[in-house]
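Below is one structure, written out as structure tokens; the observations come after it.
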Amino acid sequence: MRWRSVGGSWPRLPRGRRGRRRLVQAVMAGCVLALMPSTWTYASTADRVGEVADAPAREVAMVFGAGLWRGEPTPYLARRLDAAVELYRTGRVKVVLVTGDNSRAEYDEPDAMRGYLVRHGVPDEHVVSDFAGFDTWDSCVRARKIFGVDRAVLISQGFHIRRAVALCEAAGVDGFGVGVDDAHDATWYYGGAREVFAAGKALLDATLRPDPHFLGEREKGVTEALAGAAGR
């Protein structure tokens, strides 16, 4: 008796040693192709990722959004912002560029991030907001084309930071990545698993270099903030 699926017969496994060998080779090839983008993010950022203590002195720190909870940064986003506060407090950066999603009136990541930084000691005039950082590629492209940033310390969780550094490099931003550590909870494992798939899109973005969802006019926010922080 043959088992049948709802739509017909289940596909049969190949018979014979040669058929099985070809099946194994096909599966292995599929795994290699699936992991190639992740390998690219690691290989291309090998010596440009570390902890807060490893970050070089650069004028701008760039913090990527990571969601809100009741209008405030999620714990994961708060960790990123804490790293930016530490870099600012120790004088290794002068300005913090916060980039996130403000695609609807009731959801404003950049303003929530700004508020958190100000409450923790970063002067408001030294924080610049990018309200159209809808994904990592958009944030990197806009940092370069809209805000004129060509070097920055990039801040995100460890599972995401290599992709951020690789994409910013492709967008023209020389970045050093600070990978913020967190408890390895369900969110952390989900983020790590998601990166396998997100790396594929990242490789396409870095290769095809599409325009972000919203580009707009050049802004002077970073330039003016750096001028104001010149004496710091």
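Quick note: to get my numbering, add 24 to the position in the sequence shown (first position is 1). All C-beta atoms, glycine included, are put in the ideal place defined by N, C-alpha and C. No experiment lies behind these values; they were computed from the predicted model shown.
Counting C-beta pairs closer than 8 Å gives three or more between the stretch 90-107 and the stretch 181-191, which meets the contact rule.
The stretch 226-237 makes contact with the stretch 156-174: 3 or more CB pairs, one atom from each, lie closer than 8 Å. The alpha-carbon separation between D198 and V76 amounts to approximately 17 Å. In chain order, V109, Y112, V120 place their CB closer than 7 Å to the CB of V146, counting only its own chain and leaving out the 5 sequence neighbours on each side. Counting only runs of at least 4 residues, the stretch 119-202 fully encloses the following alpha helix (DSSP H) elements, listed from N- to C-terminal order: 133-143, 160-169, 182-195.
Assigned with DSSP and collapsed to three states, V117 falls in coil, not helix or strand. Look at P99 here: in three-state DSSP terms it is helix. In the DSSP annotation of this structure, the continuous segment of the alpha helix (DSSP H) that includes A251 starts and ends at 245-252. Where F88 is concerned, the enclosing beta strand (DSSP E) starts and stops at 84-88. In this structure, the straight-line span from the alpha carbon of A167 to that of V173 is close to 5 Å.
Here G74 is bridged, per DSSP, to V202. For L239, the three-state secondary structure derived from DSSP is coil. About 6 Å separates the Cβ atoms of L250 and K118, confirming a contact at the 8 Å cut-off.
In the DSSP assignment, L92 is bridged to P97. With a beta-carbon spacing of about 14 Å, G240 and V152 fall beyond the 8 Å limit used to define contacts. The three-state reading of DSSP puts R233 in coil, since its state is none of H, G, I, E or B. Closest by C-alpha distance to V87, out of A253, T231, T123, G203, is T123.
When the five nearest sequence neighbours on each side are left out, the beta carbons in the same chain lying within less than 6 Å of the beta carbon of F158 are those of D125, H237, in order along the chain. The beta carbon of V73 sits closer than 7 Å to the beta carbons of I185, R186, V189, G201, G203 from its chain, once the five residues preceding and following it are set aside; these are given in chain order. By the C-beta density criterion, P134 is buried, having at least 16 other C-beta atoms within 10 angstroms.
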